[in-house]
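First the structure, in the form of structure tokens, and then the observations on it.
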Amino acid sequence: MSHAVSRLREERLARSLKPFLARGSRTPRCSACRVPVSHCLCIWRPRIEAESGICLLMHDIEPLKPTNTGWLIADVVADTSAFGWSRTAVDARLLALLDDPRWQPCVVFPGEYAAPQRVVGEVRREMGRRPLFILLDATWTEARKMFRKSPYLDDLPVLGLQPEQLSRYRLRRSKRDDHLCTAEVAALCLELAGDRRAGEALDAYLDVFTDHYLAAKRGRPVDFDDEVHRRLQAFL
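Heads up: the sequence shown begins at 102 in the numbering used here, then just goes up one per residue.
Below, the structure written as structure tokens:
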């Protein structure tokens, strides 16, 4: 089923002058989950409702990477939007979303990089509005640049997360263990907003995605009865 990140990927591919070749690009992959067909993830996609929305602002090639976890967010959270980031232009659809009175947007980013008066540590719901978490989906270096050079975000509050757990994501590593992957950040945001079940489902889905991806890479079968699959089973 098509969602915001898959549509952004198709838009990005349409602009490409040459194929994007990720590692393992010769391996046949499922078009719906991006995992090698032999280890397809599709039947493990959670079905959970969430009051919150997620807005992914994605650096240039992020939608093309098979390891990108923004795709998992869009799988789980129906109200996920995805936009490509550019220093010189902004998508009019993104501006319209930020101005939509039905949403209560905030930028999710470490508070140390924002003016103190912008930083909040919790989600305080406004009457008649739904939380909208804006996530900068990029490498850490790229995300800092995006945060500095996106003036249309300057008037929004900044949710500075203080996660108690270190990152468990094993496909692409940050130089710092306390830098969470995009799906981990989204799961924490959902829990803060009261969408705890959706956050737990996304967390479990990330673990199963990682397990399938690494199993395919290493040529081993998936154990469908292990702890991570049993945890996700509750959300299917």
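The beta carbon of each residue, even a glycine, is placed where N, CA and C say it ideally should be.
Backbone CA spacing between Gln205 and Phe234 [nearest angstrom]: 8 Å
Sequence-distant residues of its chain with Cβ nearer than 8 Å to Ala105 (five each side left out): Leu157, Ala175, Thr181, Ser182, Ala183
Less than 8 Å between C-beta atoms, sequence neighbours within five positions excluded: which residues of the same chain meet that for Leu173? Ala284, Leu303, Tyr306, Leu307, Phe310
Per-residue burial, Leu236 [other beta carbons within 10 Å of its own, 16 or more giving buried]: buried
How far does the alpha helix (DSSP H) with Gln205 in it extend, from its first residue to its last? Segment 204-209 is the beta strand (DSSP E) holding Gln205; no alpha helix (DSSP H) there.
Can you tell me the Cβ-Cβ gap for Ala294 and Ser153, rounded? I've got them flagged as a contact below 8 Å. 5 Å
Beta-ladder partner(s) of Ile155, from DSSP: Thr181, Phe234
Using a Cβ distance threshold of 8 Å, determine whether the stretch 253-263 contacts the stretch 215-223, with at least three qualifying pairs required. yes
Go through its chain and collect everything with a Cβ distance to Arg188's Cβ below 6 Å, but skip five positions before and after it. Lys250
What do you reckon, are the CB atoms on Cys134 and Arg146 nearer than 9 Å? yes
Please classify Trp186: is it buried, with 16 or more other beta-carbons within 10 angstroms of its beta-carbon, or exposed? buried
Where Leu289 sits in the DSSP three-state scheme: helix
Kindly indicate which residue of Leu262, His140, Val208 has the alpha-carbon position closest to the one of Val323. His140
Would you mind sorting Arg108 into buried or exposed? The rule is 16 or more other CB atoms within 10 Å of its CB. exposed
By the three-class DSSP mapping on this structure, what secondary structure does Leu260 have? strand
Counting only the same chain and skipping the five closest in sequence on each side, list residues whose C-beta sits under 6 Å from that of Val329. Asp308, Val309, Asp312
Is the beta carbon of Asp192 closer than 9 Å to that of Arg113? no
Going by DSSP in three states, Pro252 sits in which element: helix, strand or coil? helix
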